[in-house]
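Presented below is the structure to which this report refers.
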Amino acid sequence: MCCARELQVRQELTMNASSINFDEIFKSEDDLVAAVLQDHRTNQVLMLAWMNRSALELTLQTGKATFWSRSRSAIWVKGETSGNYQKVISIALDCDKDALLIKVESDGPACHTGEVSCFINELGEI
């Protein structure tokens, strides 16, 4: 049951990839877009990461959230080390075409600290 759903989502993402105008999103090789990950069931914001064109293409091909590490200058798959993969359910592009909202199903905590969400540090009342 799980695998059939996973395959269906991956097929839908792959089919939708052909309709994406990547040149509208990424104007140059070095362009990055912010990717906000959100739990598809609870709508809790899980994390923020960065994507270049290759990371978005790999995400669409594999169905696993894949990002660009600005500190390591390398592609990384969320969960590759921890096993806490983020399976992509849907991707939405914002009105300025410089940020993505990626709804995911998590295999575990999103944060490297072990927290469900990376947004755990309150700034206080504003």
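Note that the numbering used here has the sequence shown beginning at 1417, numbered continuously upward. Here a beta-carbon is modelled for each residue, glycine too, at the ideal position from N, C-alpha and C. Computed from a prediction, not measured in an experiment: that's the story for all the values here.
Please report the Cβ distance between T1475 and V1504, rounded to the nearest whole angstrom; I am assuming they are in contact, meaning their Cβ atoms lie under 8 Å.
-> 6 Å
At a Cβ threshold of 8 Å, is R1486 touching chain B?
-> Of the protein chains in this structure there is only one, and it is not chain B.
In the DSSP assignment, find the alpha helix (DSSP H) that holds L1472 and state where it starts and stops.
-> It spans 1469-1478 - the alpha helix (DSSP H) in which L1472 sits, taken as one unbroken run.
Assign V1484 to buried or exposed, taking buried as 16 or more other Cβ atoms, counted over all protein chains shown, within 10 Å of its Cβ.
-> For clarity, residue 1484 is Trp in the given sequence; the question names Val instead. The residue in question, W1484, is buried, as its Cβ has 16 or more Cβ neighbours within 10 Å.
Output the distance between the C-alpha atoms of L1516 and F1535, rounded to the nearest integer angstrom.
-> Just so you know, the alpha carbons of L1516 and F1535 end up roughly 17 Å apart.
Pairwise C-alpha distance: D1514 and E1445 = 14 Å
Where A1545 falls, given that 16 or more other Cβ within 10 Å makes a residue buried = What the structure shows of the chain is the stretch from 1417 to 1542, and residue 1545 is not part of that stretch, so it cannot be assessed.
With V1461 and S1533 assumed to form a contact (beta carbons below 8 Å), what rounded beta-carbon distance in angstroms separates them?
-> Distance from V1461 to S1533 at the Cβ level is roughly 6 Å; contact confirmed, criterion being Cβ atoms closer than 8 Å.
L1539: buried (16+ other C-beta within 10 angstroms of its C-beta) or exposed?
-> Here L1539 is exposed. Its C-beta has fewer than 16 other C-beta atoms within 10 Å.
Going by the CB atoms, is the gap between I1436 and V1449 shorter than 8 Å?
-> no
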